[in-house]
Amino acid sequence: TIRSLDHTKSEAELAINIKKATSPDETAPKRKHVRSCIVYTWDHKSSQSFWAGLKVQPILADEVQTFKALITVHKVLQEGHPSTLREALNNRSWIDSLNRGMSGEGMRGYGPLIKEYVYYLLAKLSFHQQHPEFNGTFEYEEYISLKAINDPNEGYETITDLMMLQDKIDQFQKLIFSHFRTTGQNECRISALVPLVTESYGIYKFITSMLRAMHSATGDNDALEPLRERYNAQHYRLVKYYYECSNIRYLTSLITIPKLPQDPPNLLAEDESAPAL
Amino acid sequence: MSKVIRSVKNVTKGYSSVQVKVREATSNDPWGPTGTQMSEIAQLTYNSSTEFYEIMDMLDKRLNDKGKNWRHVLKALKVMDYCLHEGSELVVTWAKQNIFIIKTLREFIYIDEEGKDVGANVRIAAKELSALIADEERLRAERADRRIWKSRVNGLEE
Chain A
-6 TIRSLDHTKS
4 EAELAINIKK
14 ATSPDETAPK
24 RKHVRSCIVY
34 TWDHKSSQSF
44 WAGLKVQPIL
54 ADEVQTFKAL
64 ITVHKVLQEG
74 HPSTLREALN
84 NRSWIDSLNR
94 GMSGEGMRGY
104 GPLIKEYVYY
114 LLAKLSFHQQ
124 HPEFNGTFEY
134 EEYISLKAIN
144 DPNEGYETIT
154 DLMMLQDKID
164 QFQKLIFSHF
174 RTTGQNECRI
184 SALVPLVTES
194 YGIYKFITSM
204 LRAMHSATGD
214 NDALEPLRER
224 YNAQHYRLVK
234 YYYECSNIRY
244 LTSLITIPKL
254 PQDPPNLLAE
264 DESAPAL
Chain B
27 MSKVIRSVKN
37 VTKGYSSVQV
47 KVREATSNDP
57 WGPTGTQMSE
67 IAQLTYNSST
77 EFYEIMDMLD
87 KRLNDKGKNW
97 RHVLKALKVM
107 DYCLHEGSEL
117 VVTWAKQNIF
127 IIKTLREFIY
137 IDEEGKDVGA
147 NVRIAAKELS
157 ALIADEERLR
167 AERADRRIWK
177 SRVNGLEE
C-alpha cells in the first residue's frame, strides 16, 4: 500500500474513532468513525488493534454504548479486511460478556436488543468458522455455488446453515421493530437494521443461486423439496421485512432497500429463464 | 478567498505541480472538476511512478476527507472514475487493491448547514464506482470504447 502509515499515530486515531463510534449519545454510530475502523483493518491487514481498542472502552456501563459497540462490531465484521472474521473468533467471550452488563429491560429498553444482538453475532461467527469461504456480507461469488454442485451433501448443509442464520436475522429484526418508541427518532435502533438488510440480502442471493445450481446439477427435485419449502417461507418473510424497512425514511435515504418479487422465483427453471435478482 | 488560501497552502506544504493539479480539480469550489482538468490528470498517470503515486496519494487523501469537505470526496470519485477510463493501467490495479476505500463510502453521511442531504451525491457516486471496479469485463469494455462512458463522466461544468 502507498498510504503513509505512521503506526503510533494511526493507533491513537483508531482509539478516538472507537470512542466516538461508541459514544453515549442515543444516535446511530457515526458512519465516519465506523468507516475509519474498517479502513484501519484494511490498511494494517489486521483487526487486533480494533478489538484491543474496544476492550478498553467503558461500554458496559451504558446500554446505549453497549448497543452501539455491537453495531460497530457487526459493520467491521462485514466490511473489514478478511482477517477480521478469523480474529473475531478469539474475541467471542468478550462479545458474550456484553450481555452481562445488563439485567432485564434496561433504563432505555436496550436490554433485550443487546441480548439478541450478542446471540446473533455469535451465530454469525460460528457460521464463518465452519464456512471460511464466505466473506462478511455473503457477497455473491460464482465459485461457491460451483463448489456446491461438486458436493451436493456439503451444499445441502451449507444452505441449511445459511437458512438458520436468515431465520435469526428475521427474529432479531422483528424484535428491533417491536422495540421502537413512540417518542424520538429511534435512530439508534434503526441503524442496527442497516447491516441486517445487507446481510439478509447477501444470504438470500446466495441461497437462490446455490439452490438453482443444485437443482440443475442433481436433478433430484424430491430430495430438495424441504429446502424449497423453507426457501419460499423465508422469501415471504423477507418481502415483509423489506417492505417495513422501505417505510423508514432514515433507512431509505441511507441504503437501497432490495425489491423482491411478491412471489418466490422459480428454482427449477434453467438459468437463462430464471429471473434476475 | 478559498482560492487564495489554497495557493498559499500549495506553497507552504510544498506540493508538487502534479499534486497542485489534483488539489485544484478536487477543491471545495462549487464547480468542476472540468473535463480538461480530468483529462490532464489522467494523462499524468502515464508519467513516472513518482508522479503516479503523487496523484493517487492526493486522491486517497481527498477520498478520506471529512463530511464538511464532501465536495473533495465527490470530486475525487469523479477524477478516479475518469482516470480508470483514460489513465494508465496502474490506476486499475490501484483501484482494485483499494476498493474498500470506495466501497465504504457507499454509506457516507453529511447534512449541510441548510439541512440538505449532500452526502447522497457521494453515496451514489461511490456505489456506481465500486460496481465498475468489481466488474472486470465492463471496465475493459469501457476502457476500450470511450463513447460508452463519456456522457457519464463528463466534467460537471466546463
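So the protein lines, in turn, are chains A and B.
Just so we're aligned: 39 in our numbering is position 46 of the first sequence, and the numbers increase by one with no gaps anywhere.
With the second sequence counted from 1, adding 26 to any position gets you our numbering.
Every residue, glycine too, gets a C-beta built ideally from N, C-alpha and C.
{"query": "Per DSSP, the bridge partner or partners of B:Asp143", "result": "B:Ile137"}
{"query": "Inter-residue spacing [alpha-carbon to alpha-carbon] between A:Ala62 and A:Ile52", "result": "7 Å"}
{"query": "CB contact flag (B:Ser193, B:Asp55, <8 Å)", "result": "Chain B is shown from 27 up to 184; residue 193 of chain B falls before or after that span and cannot be answered."}
{"query": "CB contact check: A:Ile31 to chain B, cutoff 8 Å", "result": "yes"}
{"query": "Neighbouring residues, chain A, relative to B:Lys92 (Cβ below 9 Å)", "result": "Lys25"}
{"query": "Buried or exposed by the 16-neighbour rule on C-beta atoms within 10 Å, applied to A:Glu147", "result": "exposed"}
{"query": "Among B:Leu89, B:Val144, B:Arg166, the one whose alpha carbon lies nearest that of B:Val118", "result": "B:Arg166"}
{"query": "Neighbour list for B:Ile3 in chain A, Cβ cutoff strictly below 7 Å", "result": "No answer is possible for residue 3 of chain B: it lies beyond the span of chain B, which begins at 27 and ends at 184."}
{"query": "A:Leu78 versus B:Val37 - alpha carbon distance", "result": "45 Å"}
{"query": "Chain A within 8 Å of B:Ala167, Cβ atoms only", "result": "no"}
{"query": "Cβ neighbours of B:Arg164 in the same chain (closer than 8 Å, five flanking residues each side left out)", "result": "Leu158"}
{"query": "is_contact[B:Ser139, chain A] using C-beta, thresh 8 Å", "result": "With the sequence shown as reference, residue 139 of chain B is identified as Glu, and Ser is not the correct amino acid for it. No - not a single Cβ of chain A is within 8 Å of the one on B:Glu139."}
{"query": "Among B:Val105, B:Glu66, B:Asn95, B:His111, the one whose alpha carbon lies nearest that of B:Ile137", "result": "B:Asn95"}
{"query": "Helix, strand or coil at A:Met100 according to DSSP, with G and I counted as helix", "result": "coil"}
{"query": "Nonlocal neighbours in the same chain, by C-beta distance under 8 Å from B:Lys122, ignoring five residues either side", "result": "Ile159"}
{"query": "Helix, strand or coil at A:Leu253 according to DSSP, with G and I counted as helix", "result": "coil"}
{"query": "Closer than 8 Å to chain A by CB, B:Asp161", "result": "no"}
{"query": "Where the alpha helix (DSSP H) through A:Met95 begins and ends", "result": "Segment: none, A:Met95 is in no alpha helix (DSSP H) and carries neither H nor E."}
{"query": "Among A:Asn143, A:Tyr110, A:Tyr113, A:Leu155, the one whose alpha carbon lies nearest that of A:Phe131", "result": "A:Leu155"}
{"query": "Interface flag, B:Glu154 vs chain A, CB-CB below 8 Å", "result": "no"}
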